[in-house]
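Taken in sequence, the protein lines are chains S and E. Note that numbering that gives the first Met the number 0 has the first sequence beginning at 0, numbered continuously upward. Note that numbering that gives the first Met the number 0 has the second sequence beginning at 0, numbered continuously upward. Every residue, glycine too, gets a C-beta built ideally from N, C-alpha and C. What follows is a short report on a single structure.
2 protein chains.
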Amino acid sequence: MNIFLDAMGGDHAPHEIVKGAVDAVKEYDVSLTLVGQRSVIEEALSQYDYPKDKIKILHAQTVIENTEEPAMAIRHKSDSSLVVALEEMKTLENAVLISAGSTGALLAGGLLKLGRIKGIKRPALAATIPKSDGGVFLLIDTGANADCRPEYLEQFAQLGKIYSENVLGKTNPGIGLINIGAEAKKGNSLVKAAYELLAAGDFNFLGNVEARDIPETKADVLVCDGFTGNIVLKLTEGIAAYMINGIKTSIMSSTKGKVGGMLIKDNLKQFKKQFDYAEYGGAPFLGVKGGIIKAHGSSDAFAIKNAIRQSIKFVENDVLKKITENANKMEA
Amino acid sequence: MNIFLDAMGGDHAPHEIVKGAVDAVKEYDVSLTLVGQRSVIEEALSQYDYPKDKIKILHAQTVIENTEEPAMAIRHKSDSSLVVALEEMKTLENAVLISAGSTGALLAGGLLKLGRIKGIKRPALAATIPKSDGGVFLLIDTGANADCRPEYLEQFAQLGKIYSENVLGKTNPGIGLINIGAEAKKGNSLVKAAYELLAAGDFNFLGNVEARDIPETKADVLVCDGFTGNIVLKLTEGIAAYMINGIKTSIMSSTKGKVGGMLIKDNLKQFKKQFDYAEYGGAPFLGVKGGIIKAHGSSDAFAIKNAIRQSIKFVENDVLKKITENANKMEA
């Protein structure tokens, strides 16, 4: 198992990334490679007590910033943590790279350096999202492919199914298609055609899922184009933050409310935890020749530790091999 | 001014529709026509004391149900409240129809019976949505056009601008384009091309608005294709309901929480009011030769009264004439 961690990417790099790595090697008995400036990483590591043989450092002089044009940066910044890690991954089996840095650069890097798995039309970025019953669903694609064809959505369903079975532990996962109506004939031309493909395919297809029902969906995998998926993901975050802040402001506007607010503090905290991306690890980029996990930009050590746990499952359950076999079968 | 009210459409028809009409004629000194089964409407009206000359009844024997195929129903149910109202509107100037019944039938009816204004490529359904600063923005299109071309989005911006100025009282309304990134080059091919048109057009164009920022947007009008708009509208409703229910459940799970919950009840109620569609009237269907307002299916008398107030503004501020002049100018 070869797990690489971009030590330089993310709002709280390198310290929270390094701390997450230390916590993970202690908790999961796994070996890791931190990629980035050796001196910086060594200094961060020196604060912790941990089994030294479990964490290696792969030196990289620079880092790709969020503001850089992704493909250009991947092509030209050969000494960046991302490119150094990806070049190393190419020589290895069962490698996974976790980064909390630029999403665009990570996806571009995965495509350009590792390449698509044969038979995969468009790799897709998936996200694990909590639902009201305490479970999660996988949303795919969340932004890697803004323009899609129906057959891409069919493949997203296949990628999502494999990931859901092997990393999220679902059996015969239910597949839903995000749409603007429940009936089969609803939607734009893309989803109408995708509906036909999903209904005819080898899926536990549950049909269309309207946006209103997403938080309560019975589906394990929700499929959509990357434009729609990104809207769903970001709007969910935006509305949740808006509601939490709005409720807080409203409570704090009266004395009675303030007292009540103190009494329900623990309940609100517990509820908010449900939305904590950190609980669920990062977003897997599926369909490239290697494991790529995009951790949230604001990841702390806990989120990084969970992304490492997710990477272990990804490798242990042979997700890459299963995607490859499935893609070959589709192409045949 | 000719305001028609579909007395038979909606979850609480006819009683709440009739009550909303009675409240409106008392409050706004306006005349209205209720459309539907005369005997049913008369019975509902008999409960109230109001200026009798202000409410007329236009008899229609049947109603189009939500389950009926919209275009088919409009073509064949000539004795339905919708079709009877639309046929009457065709003979009049400055007519508006409000219905809380089938959205599909109302849009199909508007298109088939009233027709598009010359120069309008695709009429669009808009919705007024509250934002965190206490104001509102207009979302257009929310579902009338699942498949769009860039020039439709440009027209939605024009329709939204006119409505926003004349009904929502905004001066030089800011136009935002819903997208998956803030930069000009982001998005799918549709929004990239629409961005160019909006930037070059006669708009106070504020650029792209990411979904995360929608609840806090500075824009007065948010433009998108009908598929995306429907997702945004319905997901906002879904997440808000999910959060309110989740917080309630969490509060009720402990004794301390229950006590606190009682103390913050008023604050929560006040906050929830912000999301109340009923405050903002209905969704205008813009670009057809007549005023069409879709009231929420679950509209009560208060929501209907507000939709009537909205209709008065629509007529008083000559929205139809302004759309027509603008559309002619565009075509010229």
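- For residue 186 of chain E, the C-beta contacts it makes with chain S under 8 Å involve 145, 226, in order along the chain.
- Check the Cα spacing between residue 107 of chain S and each of S:309, S:211, S:94, S:72: the tightest is with S:72.
- When S:59, S:166, S:18, S:68 are compared, the shortest CA-CA separation from residue 45 of chain S is found for S:18.
- For residue 5 of chain S, the enclosing beta strand (DSSP E) begins and ends at 1 to 5.
- Taking 9 Å as the CB threshold, residue 209 of chain E lines the interface with chain S.
- With a cut-off of 8 Å on Cβ pairs, the stretch 112 to 121 of chain S is not in contact with the stretch 198 to 212 of chain S, counting fewer than three such pairs.
- The C-alpha of residue 174 of chain S is placed about 45 Å away from the C-alpha of residue 20 of chain E.
- For residue 80 of chain E, no Cβ of chain S is located within less than 9 Å of the residue's own Cβ.
- Distance check between residue 144 of chain S and each of S:321, S:241, S:211, S:286 places S:286 closest, using alpha-carbon atoms only.
- With a cut-off of 8 Å on Cβ pairs, the stretch 207 to 214 of chain E is not in contact with the stretch 150 to 165 of chain E, counting fewer than three such pairs.
- Runs of the beta strand (DSSP E) lying entirely within the stretch 147 to 234 of chain S and spanning at least 3 residues, in chain order: 173 to 178, 203 to 209, 220 to 222.
- Interface flag for residue 261 of chain S against chain E is set, since a Cβ pair is found closer than 9 Å.
- Taking a cut-off of 8 Å for Cβ pairs, the stretch 294 to 307 of chain E and the stretch 181 to 196 of chain E do not touch, as fewer than three such pairs fall below it.
- From the beta-carbon of residue 217 of chain E, no residue of chain S is found nearer than 8 Å; the closest lies around 14 Å away.
- Here residue 290 of chain E carries a strand assignment [DSSP, helix/strand/coil].
- Taken through DSSP and simplified to helix, strand or coil, residue 19 of chain S comes out as helix.
- Of all residues in the stretch 242 to 260 of chain S, only 242, 243, 244, 245, 246, 248, 249, 250, 251, 252, 253, 255, 256, 257, 258, 259, 260 come within less than 9 Å of chain E when Cβ atoms are compared, listed by chain position.
- Excluding five sequence positions before and after residue 249 of chain E, the CB atoms of its chain that fall closer than 8 Å to its own CB belong to 256, given in chain order.
- Inter-residue distance for residue 274 of chain E and residue 128 of chain E is about 8 Å (C-alpha atoms, whole angstroms).
- The DSSP-derived three-state label of residue 62 of chain S is coil.
- For residue 29 of chain S, there is no enclosing beta strand (DSSP E), since its DSSP letter is neither H nor E.
- For the C-beta of residue 131 of chain E, the chain S residues within less than 8 Å are, from N- to C-terminus, 241, 244, 245.
- Among the residues facing chain S, residue 238 of chain E is included, as its CB has a counterpart in that chain under 9 Å away.
- Look at residue 91 of chain S here: in three-state DSSP terms it is coil, with no helix or strand label.
- One finds 179, 210 in chain S with Cβ atoms closer than 8 Å to the Cβ of residue 229 of chain E, taken in chain order.
- In the same chain as residue 245 of chain E, and ignoring 5 residues on each side of it, no C-beta atom comes closer than 6 Å to its own.
- For residue 124 of chain E, no chain S residue has a C-beta closer than 7 Å to its own C-beta; the minimum C-beta separation is roughly 12 Å.
- Rounded to whole angstroms, the separation of the alpha carbons of residue 152 of chain E and residue 3 of chain S is 44 Å.
- Identification of chain E residues near residue 270 of chain S by a Cβ-Cβ cut-off of 7 Å yields 245, 246, 249, ordered along the chain.
- Distance from the CA of residue 265 of chain S to the CA of residue 294 of chain S, rounded to the nearest whole angstrom, comes to 27 Å.
- With a threshold of 9 Å between beta carbons, residue 233 of chain E makes contact with chain S.
- If you check each beta-carbon in the stretch 60 to 73 of chain S against every beta-carbon of chain E, none falls closer than 7 Å.
- Beta-carbon to beta-carbon, residue 13 of chain S and residue 35 of chain S are separated by about 6 Å, close enough to satisfy the 8 Å threshold.
- Separation of residue 284 of chain S and residue 141 of chain S (C-alpha to C-alpha, rounded to the nearest whole angstrom) is 10 Å.
- Residue contact with chain S for residue 214 of chain E: present (Cβ-Cβ distance below 9 Å to some residue of chain S).
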